[in-house]
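Asker: The structure follows.
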Amino acid sequence: GQNIDQPTEMTATEGAIVQINCTYQTSGFNGLFWYQQHAGEAPTFLSYNVLDGLEEKGRFSSFLSRSKGYSYLLLKELQMKDSASYLCATGRGSTLGRLYFGRGTQLTVWP
Amino acid sequence: DGGITQSPKYLFRKEGQNVTLSCEQNLNHDAMYWYRQDPGQGLRLIYYSQIVNDFQKGDIAEGYSVSREKKESFPLTVTSAQKNPTAFYLCASSMEGLSSYNEQFFGPGTRLTVL
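Here the protein sequences line up with chains A and B, keeping their order.
Just so we're aligned, residue 1421 is where the first sequence starts under the working numbering, counting upward by one.
Just so we're aligned, residue 49 is where the second sequence starts under the working numbering, counting upward by one.
So this is what it looks like as structure tokens:
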């Protein structure tokens, strides 16, 4: 299997910035996805990184360092609706089509 | 509207019964996937199919079976051999099963409870 590690839980307050880290050991690494999942609902796509660097999309940004096996998701101007689980997932060149998911980070945003 | 549908949202079954979860997509995607999610856990892959009439086992295929007779449909059967079937089941699809870019789109999920 693939070794994907992310914190289990994080908390923050409205309006703040939070960074959710993800480290991975994926042989034949082929891209990293971030998904958001509200309780009892389907995951929804947030971002994709395959090259090193920062990808910005509104309040959300995602960063990748392939040499370090490291990514983070940065959430700015936090809102209550951002309370959710954030899933890190990697692709692998030898098994195209599959994604390997971490356990998810449960983010709670307090007023 | 294009999307993925799973029915029903909630399903209850007695222990020892087989049950089939439906998954239909009208996105014209080649690949489809079944995941299982337990409380506080990530997604674990049960089976996936990259093309019609072909499918592969994921990481936890024991006690499950699938078919892919049509591009739009990928039903999952939870058999009585599955030791702990109570879980949240998610179906997903992606445009190409053998693409390096593999954004997966998820259905709303079925919560199965075995009594």
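Virtual Cβ for every residue (Gly too), placed ideally from N, Cα, C.
The model shown is predicted, which means the values in this text are computed figures rather than measured ones.
What separation, rounded to the nearest whole angstrom, lies between the Cα atoms of Ile108 (chain B) and Gln1457 (chain A)?
Answerer: Position 60 of the second sequence, counted from the start, is the residue given in the question as residue 108 (chain B). Position 37 of the first sequence, counted from the start, is the residue given in the question as residue 1457 (chain A). If I take the Cα positions, the gap works out to 22 Å.
Asker: Using a beta-carbon distance below 9 Å, is Asn150 (chain B) in contact with chain A?
Answerer: Along the second sequence, read from residue 1 onward, the residue named residue 150 (chain B) stands at position 102. With 9 Å as the cut-off, Asn150 (chain B) counts as an interface residue toward chain A.
Asker: Verify the CB distance criterion: does Thr1431 (chain A) have a CB-CB separation below 9 Å to chain B?
Answerer: In the first sequence, counting from the first residue as 1, residue 1431 (chain A) sits at position 11. Thr1431 (chain A) does not count as touching chain B.
Asker: Out of A:Asn1469, A:Phe1483, A:Arg1523 and A:Pro1531, state which residue places its alpha-carbon closest to the alpha-carbon of Leu1452 (chain A).
Answerer: Working through the first sequence from its first residue, we reach residue 1452 (chain A) at position 32. Out of A:Asn1469, A:Phe1483, A:Arg1523 and A:Pro1531, A:Asn1469 has the C-alpha closest to the C-alpha of Leu1452 (chain A).
Asker: With a cut-off of 9 Å, does the C-beta of Ile1437 (chain A) fall near any C-beta of chain B?
Answerer: For this step, residue 1437 (chain A) is matched to residue 17 along the first sequence. So no, Ile1437 (chain A) is outside the interface.
Asker: Taking the beta strand (DSSP E) that Glu72 (chain B) falls in, what are its first and last residues?
Answerer: For the purposes of this step, residue 72 (chain B) is taken as the residue at position 24 of the second sequence. Val67 to Gln73 is the extent of the beta strand (DSSP E) around Glu72 (chain B).
Asker: Pull up the distance between the alpha-carbon of Ala1432 (chain A) and that of Ser1505 (chain A), whole angstroms please.
Answerer: Residue 1432 (chain A) sits at position 12 when you count from the first residue of the first sequence. Residue 1505 (chain A) sits at position 85 when you count from the first residue of the first sequence. Each residue's alpha carbon lies about 13 Å from the other.
Asker: When the Cα atoms are used, what is the spatial distance from Gly1522 (chain A) to Pro123 (chain B)?
Answerer: As a first step, residue 1522 (chain A) is located in the first sequence; it is residue number 102 there, counting from the start. As a first step, residue 123 (chain B) is located in the second sequence; it is residue number 75 there, counting from the start. Rounded to the nearest angstrom, the two C-alpha atoms are 25 Å apart.
Asker: Does the structure place the segment 53-63 of chain B close enough to the segment 1495-1502 of chain A that three or more beta carbon pairs sit under 8 Å?
Answerer: Flag = no, the segment 1495-1502 of chain A and the segment 53-63 of chain B do not touch.
Asker: Determine the closest residue to Ser1447 (chain A) out of A:Val1438, A:Arg1486 and A:Ser1481, with distance taken between C-alpha atoms.
Answerer: Here residue 1447 (chain A) refers to the residue found at position 27 when the first sequence is read from its first residue. The residue with the shortest Cα to Cα distance from Ser1447 (chain A) is A:Arg1486.
Asker: Rounded C-beta distance between Glu120 (chain B) and Glu151 (chain B)? I'm assuming under 8 Å.
Answerer: Locating residue 120 (chain B) in the second sequence gives position 72, where the first residue counts as 1. Locating residue 151 (chain B) in the second sequence gives position 103, where the first residue counts as 1. Between Glu151 (chain B) and Glu120 (chain B) the Cβ distance is about 19 Å, and since that is not below 8 Å, they are no contact.
Asker: If you check the beta carbons only, do Arg92 (chain B) and Phe103 (chain B) fall under 9 Å apart?
Answerer: For the purposes of this step, residue 92 (chain B) is identified with residue 44 of the second sequence, where counting begins at 1. For the purposes of this step, residue 103 (chain B) is identified with residue 55 of the second sequence, where counting begins at 1. Against a cut-off of 9 Å, the Cβ pair of Phe103 (chain B) and Arg92 (chain B) comes out as no contact.
Asker: Is the separation between the beta-carbon of Leu138 (chain B) and that of Arg61 (chain B) shorter than 9 Å?
Answerer: Taking the first residue of the second sequence as position 1, residue 138 (chain B) is located at position 90. Taking the first residue of the second sequence as position 1, residue 61 (chain B) is located at position 13. No, these two residues do not count as a Cβ contact at 9 Å.
Asker: Which of the three DSSP states is assigned to Asp1502 (chain A) in this structure?
Answerer: Within the first sequence, the letter at position 82 stands for residue 1502 (chain A). Three-state result, Asp1502 (chain A): helix.
Asker: Determine, for Leu91 (chain B), whether the minimum Cβ-Cβ distance to residues of chain A falls below 9 Å.
Answerer: Indexing the second sequence from 1 puts residue 91 (chain B) at position 43. Leu91 (chain B) counts as touching chain A.
Asker: List, in order along the chain, the chain B residues whose C-beta lies closer than 7 Å to that of Phe1463 (chain A)?
Answerer: As a working mapping, residue 1463 (chain A) is identified with position 43 in the first sequence. The amino acid occupying residue 1463 (chain A) in the given sequence is Pro; Phe does not appear at that position. Under the 7 Å cutoff, chain B gives Phe154.
Asker: Could you give the DSSP three-state label for Tyr149 (chain B): helix, strand or coil?
Answerer: Numbered from its first residue, the second sequence carries residue 149 (chain B) at position 101. In this structure, Tyr149 (chain B) counts as coil in the three-state DSSP scheme.
Asker: Quick one: what's got a C-beta closer than 6 Å to Arg1479 (chain A)'s C-beta in the same chain, skipping five residues either side?
Answerer: If you number the first sequence from 1, residue 1479 (chain A) lands on position 59. So the list reads Lys1496 and Glu1497, once near-sequence residues are dropped.
Asker: In terms of residues, what are the limits of the beta strand (DSSP E) holding Arg159 (chain B)?
Answerer: On the second sequence, position 111 is the one that residue 159 (chain B) refers to. Residues Thr158 to Val162.
Asker: Is the distance from the Cβ of Asp1502 (chain A) to the Cβ of Leu1527 (chain A) below 9 Å?
Answerer: In the first sequence, counting from the first residue as 1, residue 1502 (chain A) sits at position 82. In the first sequence, counting from the first residue as 1, residue 1527 (chain A) sits at position 107. Yes, they are a contact pair.
Asker: Any idea what DSSP makes of Asn76 (chain B), helix, strand or coil?
Answerer: Within the second sequence, residue 76 (chain B) is the residue found at index 28, counting from 1. Reduced to three states, the DSSP call for Asn76 (chain B) is coil.
Asker: What are the partner residues of Ala109 (chain B), as DSSP defines its beta bridges?
Answerer: Reading the second sequence from its first residue, position 61 is the one you call residue 109 (chain B). Answer by DSSP bridge pairing: none, since Ala109 (chain B) is not bridged.
Asker: What is the DSSP secondary structure of Gln1430 (chain A), counted as helix, strand or coil?
Answerer: On the first sequence, position 10 is the one that residue 1430 (chain A) refers to. Correcting the residue type first, residue 1430 (chain A) is Met in the shown sequence and not Gln. Met1430 (chain A): strand per DSSP, three-state reduction.
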